[in-house]
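A.B. asks:
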Amino acid sequence: MSLEAFNASEPLTLGVELELQLVNTHDYDLAPYAEDMLRLMLKTPLPGSVVPEMTNSMIEISTSVCRSASEVLGQLSQIRDALVRSADKLNIAVVGGGTHPFQQWHERRIYDKPRFQELSQLYGYLSKQFTIFGQHVHIGCPDPDAALLMLHRMSRFIPHFIALSASSPYVQGQDTAFDSARLNSVFAFPLSGRAPCVLRWSEFEQYFEKMTRTGVVRSMKDFYWDIRPKPEYGTIEIRVFDTPLTVERAAALAGYVQSLAAWFMDTQPFMPSEDDYLVYTYNRFQACRFGLDAVYVDPATGQHMPLTEHILQTMDAVADHAARHGAAPALHLLRSDVAAGSNDARWLRERQRNERLLAEVSRQAALRFRGVAA
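The sequence shown maps to residues 10 to 383 in the working numbering.
Spelled out as structure tokens, the structure:
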């Protein structure tokens with residue numbers, strides 16, 4: 010099976026996907042209402058799409074192609090408002106966050122869609138444990154070689170994306186001590202982690218052909234990499250973000266990705282290499298475990314520094330590019346949180362310290378998602 014052609018796309022365009030929790034309004038546990046939500050959402054014309062996800066207490070929304078973080082925010086807000094109206098009719102709520110804090114994986118049911126049923130047969134209980142919630146950001150690339158170069162440059166900044174979006178401190182009712190526990194579930198899948206460090210599309214085609222020849226891979230969907238090319242869209246897709254608690258933060262993260270991509274394309278700040286990946290897994294772990302309190306190891310110099318310091322240095326480097334693409338407000342929002350050492354994982358923990366009840370934390374997170382609370 011050959012790899013599909015890399016389609017043309019407008020460079021630096023954005024597409025955002027958010028996986029969201031559906032919870033009941035009695036005890037704020039997950040509720041199997043995906044099918045009902047999809048039926049109601051069909052009645053409202055919207056940009057992008059609303060589709061099911063692996064289990065029937067999840068739903069995924071996505072924007073259409075956007076050119077700025079503000080356009081992403083406009084589309085996500087419109088879809089969010091329609092979701093909230095539909096959820097109210099069903100007496101349920103929609104919540105962000107990378108994990109539901111106390112759901113039990115064995116109670117989940119696989120959504121009745123052939124691909125999901127096939128994955129369930131292959132991966133067993135891992136499929137139900139995949140009731141986790143992420144944000145994916147697509148960034149348009151001018152050609153396939155540029156896409157691979159973009160992918161491997163972005164890989165140095167994976168810890169930024171993890172720490173800034175982290176919103177999954179609780180699993181099965183327990184504080185995991187991780188800011189992003191969600192990615193531990195992703196790592197359980199055999200084709201997760203990092204993409205091979207090749208910078209020419211012809212080499213990537215050879216790699217794909219070898220993988221399909223083994224029978225392990227049939228399409229790009231079989232790779233659960235942190236970043237993967239999406240040839241049908243002409244993009245790379247960054248997949249490490251936890252779903253934020255608000256659409257404003259989701260749009261800001263997309264704006265940061267666009268700013269980095271513009272910096273890469275305009276200045277070619279460094280050439281990625283296989284040696285970048287010597288510290289990749291360590292940096293990834295640090296960001297998952299400690300969030301904005303993580304240590305970052307610079308792959309080029311080996312220097313150890315606070316991750317927040319590296320994020321702020323990077324934001325300084327990309328500031329002019331952010332301004333040119335309308336992403337300055339996005340960087341301002343994120344920079345303020347970095348300066349305060351604040352992310353969604355910290356917000357969730359603070360609420361739990363105050364409330365001592367995870368159901369109440371989920372209730373407040375549902376209000377936060379709809380834009381009316383704390």
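We put the beta carbon where it would ideally sit given N, CA and C, even for glycine.
Computed from a prediction, not measured in an experiment: that's the story for all the values here.
#1: For Trp234 versus Pro153, is the C-beta spacing smaller than 8 Å?
#2: Closest to Pro20 by C-alpha separation, out of Gln112, Cys150, Val60, would be which residue?
#3: DSSP three-state call for Arg298: helix, strand or coil?
#4: Is there contact here, the region 267-278 with the region 320-332, by at least three beta-carbon pairs under 8 Å?
#5: Check for me: the alpha helix (DSSP H) holding Ser79 runs from which residue to which?
#6: Using DSSP bridges, identify the partner residues of Cys75.
#7: The ligand FAD heavy atoms versus the CB of Leu254: any closer than 7 Å?
#8: With distance defined between alpha-carbon atoms, name the residue in Met159, Val256, Gln113 nearest to Arg377.
#9: According to DSSP, what are the bridge partners of Leu68?
#10: Report the option in Asn292, Ala263, Pro315, Leu12 whose CA atom is closest to the CA atom of His147.
#11: What are the complete beta strand (DSSP E) segments, minimum 3 residues, inside the region 248-298?
#12: Which residue spans inside the region 220-245 form an unbroken alpha helix (DSSP H) run of at least 4?
#13: Between Gln87, Ser86, His161, which has its C-alpha nearest Pro308's C-alpha?
#14: With distances taken from CA atoms, which of Arg379, Glu369, Val381 is nearest His35?
#15: Taking the beta strand (DSSP E) that His313 falls in, what are its first and last residues?
#16: Taking all protein chains shown into account, do 16 or more other C-beta atoms lie within 10 angstroms of the C-beta of Arg362, making it buried, or fewer, making it exposed?
#17: Please report the distance separating the alpha-carbon of Arg372 from that of Tyr37.
#18: As a quick exercise: from Arg365, Pro54, Thr22, Gly106, pick the residue whose alpha carbon is nearest that of Leu31.
#19: Spatial neighbours of Thr191 within its chain, please: C-beta separation below 6 Å, excluding the five flanking residues on both sides.
#20: Is Glu283 buried or exposed, if buried means 16 or more other CB atoms sit within 10 Å of its CB?
#21: Taking all protein chains shown into account, decide if Thr22 is buried (16 or more other Cβ within 10 angstroms of its Cβ) or exposed.
#22: Hey, out of Phe294, Arg358, Gln87, Val306, whose CA is closest to Ile171's CA?
#23: So, are the CB atoms of Gly57 and Ser73 less than 8 Å apart?
C.D. replies: The relevant details are as follows:
#1: no
#2: Cys150
#3: helix
#4: yes
#5: 78-99
#6: Leu23
#7: With respect to small molecules bound, the structure shown includes none, and the ligand FAD cannot be examined in it.
#8: Val256
#9: Sequence check: residue 68 is Ile here, not Leu. Ile68 pairs with Leu29, Pro61.
#10: Ala263
#11: none
#12: none
#13: His161
#14: Glu369
#15: 313-315
#16: exposed
#17: 6 Å
#18: Gly106
#19: Per the sequence shown, the amino acid found at residue 191 is Arg instead of Thr. Result list for Arg191: Gly107, Thr108, Ile141, Ser177, Asp251, in chain order.
#20: exposed
#21: buried
#22: Phe294
#23: yes
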